[in-house]
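What follows is one structure encoded as structure tokens, with my remarks underneath.
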Amino acid sequence: MNQSRKTIVIASVLLVVLFAGAVVALQKIDSARGKDAAIEEVLYLPSGKTVKRLSLGYSSLLAVVYWTRAVQYFGNRHLQDSKRYDLLYPLLDITTDLDPQLVVAYQTGSIFLCQSPPNGAGEPDKAVALLEKGIAANPEVWRMYFTLGFVHYLERKDYKAAEQAFRKGSEVPGALPWMRTMAARMAEHAQDIETAMMLWRGIYETTHDKNVRDGAVKHLASLQAEIDMRELRIRVRTYHEKKGVWPTTWTELVRAGLLGGVPVDPAGQIYKLLPEGGVWVEDPSQFPFLDQAALAS
Amino acid sequence: MTSRLSAIALNTFREAVRDRVLYNLIIFVFLLVASAPLFSQISIDVERLILVNVGLSAISLFGVIIAIFIGIGLVSKEIERRTLYTILSRPVRRWEFIAGKYCGLMMTLLVNAALMTVGFMIAVMITSHGLKAQDMHLLVAVYFTVLEFMVVTALTLLFSSFSSPIFSAILSFSLFAIGTFSLDLRNFAASAHGITKMFALAAAYLVPNLASLNVIAQVAHDQPVGGALVLYNTLYTVLYSAAVTAGAVLIFERRNLK
Amino acid sequence: MHAIEIQDLSKDYAVGFWKKTLRPALKSLSLTVESGETFGFLGPNGAGKTTTLKLLMGIIFPTAGSATVLGKSVHDPEVKKRIGFLPEQPYFYDYLSAPELLSYYAQLSGVPPAGRKERINSLLERVGLGDVGNKQLRKFSKGMLQRVGIAQAIVHDPEVVFLDEPMSGLDPLGRHEIREMIQGLKDAGKTIFFSTHILSDAEALCDRVAVIHKGELRGVGVVNDLRAATGGTSEVIWQNAQVLTAVSSLVMEPHVSADTVRVTVSRENLDPLLEKLRQQSATLISVTPLHGTLEDYFLSKTSESEKEGAAV
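Residue numbers (our numbering), protein chains in the order written: chain V, 8 to 304; chain X, 54 to 311; chain P, 115 to 426.
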């Protein structure tokens, strides 16, 4: 029995030690190959169709794998504030070839693609192509028309194309009436700040992806700040007209009955009152999209 | 001890050879070499690409299939046929039996891979009209395939030491499939939180890492494989296979045999 | 030092879907076997004979109790060099030839390479397989396989040989040959422990036997003593058939031909019968004691209920 016990002890110790060593070696392998190792193989793949043929019928499972890789790829680079997302479109293309019904890939993928770096790949034309592929395969998903309109509006400033997209989407059975509203807005009030707000709110409600949601929240905050500031500038001008001087503190406006309280921006900080009636935010870094919003006015 | 180990290993090898398992490679070599000229209808570059992909993938796939089919019976067949009784009644330690079986199967796979590689290189030579320096990269891919065999063999031996052939086959094939996506699993674990992260991490490291052992696409495009990668892959394979074999020894040591 | 010593050896198997129920296969077996003895381990199928052998070989582990062979634990690899084992209905590697098989086993048992070939060849001759050459074992008949089995059990010249049902599945010629071989091993001074349910083989070969039934030891002893213990009936022949009616309650299996009566009578009834015959003035022709057979002993030990049973 001694022999047996010795063997068990040695085997147990070896099992733990060797396995720990294997884990360390594996981590070394990962760092040697770089994070994008699995993704670099994309460069060697002929096309999505080939991958589909090789997947032996498990193409929709493989599509999920590639979609996950696309999200990882985007997420990793976004964290590093990368300027280039070269493999994003190939990954999305393969994903959607493997499973043309994977709607989330078109929806979220196109948002990743269209925004300018570092928030996205800066390839709005590819985003449009992806969405049109998605709509062709899934004509009943009216929400994709919404995203298409969004892409045309935001990055390509093609309000006519945006209006067309919203209108086509509104005609799909089951589409919310709000699509028709958006189409109308595109026709007449395309550049209004309220339109931008409606679009971003729509994106926020449609998507489940954390990256996209965070982006939408930031956009909405900037837009809200811009709307606030416009209103505040009007009130400050009113004060100037009434009192003949520019106010230096908000309390003066409150005392003058022009404000209910000290105005606070969406980040929770008090707006800055600048000389000559300017209004700005205390901490512009909280509102990375502020100049975009300003342009929209 | 070594004479017993080598006796068991050689006997395992002999069994595989006489079982006509290795005869598949003759068919493979013949098919590959014979079909090489057929590709010359297309341009030289694509022809070589297809040949390398098909050839290396076949060496890998054939080997893994043989590893699993022989591996699942390594222990269970000896128990079922009661030949194990005549072994254990001799001064053979149970761990020597496990280690000897592992070595025997690896020997079989090595011979198999070597012969197939010879045939493969001949086919490459025919299509490329001679060998270039870059063709040495192909041998690195074959080496990695052999490392893959070491891992798969250890796992099937582990399963054979306590479960029936069918169950062992299912587990082995499943782990092989999951192992191919092991990098994705690790990436997923890295971005998960809480309990999911714990389970994902455990799974990610328990599962055999076959993803980084597959450099077929790379060498097909004449990309070299880094020396660091060769070193760490070798290290990982040796450590992981040894750990799994230690597990098999542990399970087998106190097992009441039917 | 006993050749084999078993003390309170027990083995329970966990059965049932949830492995909760315990089925006792061996209940506290104790016995000893001396060097040079040929010991028979008898019992009906499922009695626990193979379980005992597996425990002795270290193939399974006991629930309780212990066993030693040649004074050392059964798991001691050094001891295994000095024992040989032939399992029940063995299979052997069918892709090997007989010399290859024996060479493999010899290597595993530590037989040095020098002289190995000669030893194997002479061994094959001894077991009657001298002319098989390189034929693969898959082509062997059952009898030939059994002979290979004995060969592998003794190729390393062990002191103790364990055989599990060595005659099973053989025709009378085959059984005769194996019996001869076992006798040969016995003459060479080896300790032999073999299990069987064929009593005539045990009677012919064994010095002592043990009877095991439903996992319990029911009896142990020298063959002749056991035969004498049961049986003990006698055959009585007399003249004067009329007397039969008077003694019919005392006798068994009466046969009458002309005026001669032949009966069997148990030991306790022998004297009363003879007394009665004398009273009736019958002419006594012969009184012949019949030897008990091992079968009688065996049957008596394996028909008792589980509450009874102890060494005779």
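No residue lacks a Cβ here, since even glycine has one placed at the ideal position from N, Cα and C.
List, in chain order, every chain V residue whose beta-carbon is nearer than 9 Å to that of residue i.
i, result
"Glu332(X)", "Any question about residue 332(X) goes unanswered here, given that chain X covers just 54 to 311."
"Ile64(X)", "Here the sequence assigns Asn to residue 64(X), which means Ile is not the residue at that position. The contacting residues do not exist; Asn64(X) stays about 22 Å from chain V at best."
"Glu306(X)", "Ser11, Thr14, Ile15 and Ala18"
Assuming contact is defined by CB atoms lying nearer than 8 Å, are residue i and residue j in contact in what I supplied?
i, j, result
"Val105(X)", "Val272(X)", "yes"
"Leu158(X)", "Gly183(X)", "no"
"Glu202(P)", "Glu279(P)", "yes"
"Tyr80(V)", "Glu130(V)", "no"
"Leu277(P)", "Ile234(P)", "no"
"Tyr92(V)", "Ala128(V)", "yes"
"Arg341(P)", "Thr407(P)", "yes"
"Phe155(P)", "Thr166(P)", "yes"
"Gly69(X)", "Thr209(X)", "Going by the sequence as given, residue 69(X) is Ala instead of Gly. No."
"Val370(P)", "Leu358(P)", "yes"
"Ala257(X)", "Ser235(X)", "yes"
"Arg293(P)", "Ala324(P)", "no"
"Ala295(X)", "Leu25(V)", "yes"
Once the 5 residues before and after residue i are set aside, which same chain residues still bring their CB inside 8 Å of it?
i, result
"Ser124(P)", "Pro138, Leu140, Lys141, Ser142, Leu143, Pro176, Thr177, Ala178 and Gly179"
"Trp352(P)", "Thr374, Val375, Leu391, Ala396, Thr397, Leu398 and Ile399"
"Thr213(V)", "Gln114, Arg150, Phe153 and Thr154"
"Lys168(P)", "Ile174"
"Pro295(V)", "Lys225 and Ser229"
"Leu21(V)", "none"
"Leu58(X)", "Glu149, Ala152, Gly153 and Cys156"
"Val188(P)", "Leu169, Leu170, Met171, Gly172, Ala181 and Thr182"
"Ile132(X)", "Leu310 and Lys311"
"Glu273(P)", "Ala117, Ser149, Leu184, Arg196, Ile197, Lys304 and Thr305"
"Ala166(X)", "Ile112, Gly116, Val195, Thr198, Val199 and Phe202"
Only counting the same chain, and skipping five residues up and downstream in sequence, which positions put a Cβ closer than 7 Å to that of residue i?
i, result
"His85(V)", "Pro125 and Asn218"
"Ser282(P)", "Glu202 and Gln203"
"Leu265(V)", "Arg242, Thr245 and Tyr246"
"Leu85(X)", "Gly108, Gly172, Phe173 and Ala176"
"Leu72(X)", "For clarity, residue 72(X) is Asp in the given sequence; the question names Leu instead. No residues qualify anywhere along the chain."
"Leu163(X)", "Val199"
Whose Cβ in chain V lies nearer than 7 Å to the Cβ of residue i?
i, result
"Asp237(X)", "Ala45, Val72, Thr75 and Arg76"
"Leu292(X)", "Leu25, Gly28, Ala29 and Ala32"
"Tyr258(X)", "Val30 and Leu33"
"Phe234(X)", "Val72"
"Glu131(X)", "Per Cβ cutoff of 7 Å: no residues; Glu131(X) is ~19 Å from chain V at best."
Can you list, in chain order, the residues of its chain whose CB lies under 6 Å from that of residue i, leaving out five sequence neighbours each side?
i, result
"Glu409(P)", "Leu313"
"Leu284(X)", "none"
"Ser380(P)", "Thr347"
"Ile223(X)", "none"
"Gly162(P)", "Ala139, Leu140, Ile326 and Gly329"
Please compile the residues from chain P whose C-beta is within a distance smaller than 8 Å of the C-beta of residue i.
i, result
"Ser11(V)", "His189"
"Ile140(X)", "Leu222"
"Leu315(X)", "No information on residue 315(X) is available, as it lies outside the stretch 54 to 311 that chain X covers here."
"Ala301(X)", "The contacting residues do not exist; Ala301(X) stays about 18 Å from chain P at best."
"Ala60(X)", "Tyr218, Gln221 and Leu222"
Against residue i, what residues of chain P qualify as contacts under a CB-to-CB distance less than 9 Å, listed in chain order?
i, result
"Thr68(X)", "Contrary to the premise, residue 68(X) reads as Glu rather than Thr in this sequence. Residues of chain P passing the Cβ test: Tyr207, Tyr209 and Leu210."
"Leu310(X)", "Lys168, Ile173 and Ile174"
Mind listing the chain X neighbours of residue i? Cutoff is C-beta to C-beta under 9 Å, in chain order.
i, result
"Lys35(V)", "Ala281, Leu284, Tyr285, Leu288 and Tyr289"
"Gln266(P)", "Thr139"
Quick one: list the residues of chain X neighbouring residue i, beta-carbon separation under 8 Å, in chain order.
i, result
"Ile197(P)", "Ser142"
"Tyr219(P)", "Thr139 and Arg143"
Would you say residue i reaches chain C, if we count a Cβ-Cβ gap shorter than 8 Å as a contact?
i, result
"Thr136(X)", "Absent here is chain C; the protein component of the structure consists of chains V, X and P."
Name the chain V residues that come within less than 8 Å of residue i, Cβ to Cβ?
i, result
"Ala295(X)", "Leu21 and Leu25"
For a contact meaning CB atoms closer than 7 Å, what does residue i contact in chain X?
i, result
"Pro201(P)", "Arg135, Tyr138 and Thr139"
"Glu273(P)", "Result: empty, since nearest Cβ-Cβ is about 14 Å, beyond 7 Å."
Jot down the residue ranges of each uninterrupted beta strand (DSSP E) in the stretch 340-419 of chain P, minimum 3 residues, whole runs only, in chain order.
348-353, 366-371, 374-379 and 397-403
Please list, in chain order, the residues of the stretch 157-177 of chain P that have any C-beta partner in chain X closer than 7 Å.
Met171, Gly172, Ile173, Ile174 and Phe175
Identify each residue in the stretch 142-175 of chain X for which the Cβ-Cβ distance to at least one residue of chain P is less than 7 Å, and report them in chain order.
Ser142, Arg143, Pro144, Val145 and Arg146
Just to confirm the assignment: which complete beta strand (DSSP E) runs, minimum length 3, are found wholly within the stretch 247-313 of chain P?
274-278 and 305-310
To be precise: take each residue of the stretch 277-290 of chain P, compare its Cβ to all Cβ atoms of chain X, and keep it if any distance is under 8 Å. Which residues remain?
none
Enumerate, from N- to C-terminal direction, the unbroken alpha helix (DSSP H) stretches of 4 or more residues contained entirely within the stretch 61-142 of chain V.
66-86, 95-105 and 110-121
Residues of the stretch 367-389 of chain P in Cβ contact with chain X at a cutoff of 7 Å, in chain order, please.
none
Secondary structure, alpha helix (DSSP H): runs of 4+ residues fully inside the stretch 250-301 of chain V
257-262
Contact set between the stretch 202-233 of chain X and chain P, restricted to residues whose Cβ is under 7 Å from the partner
none
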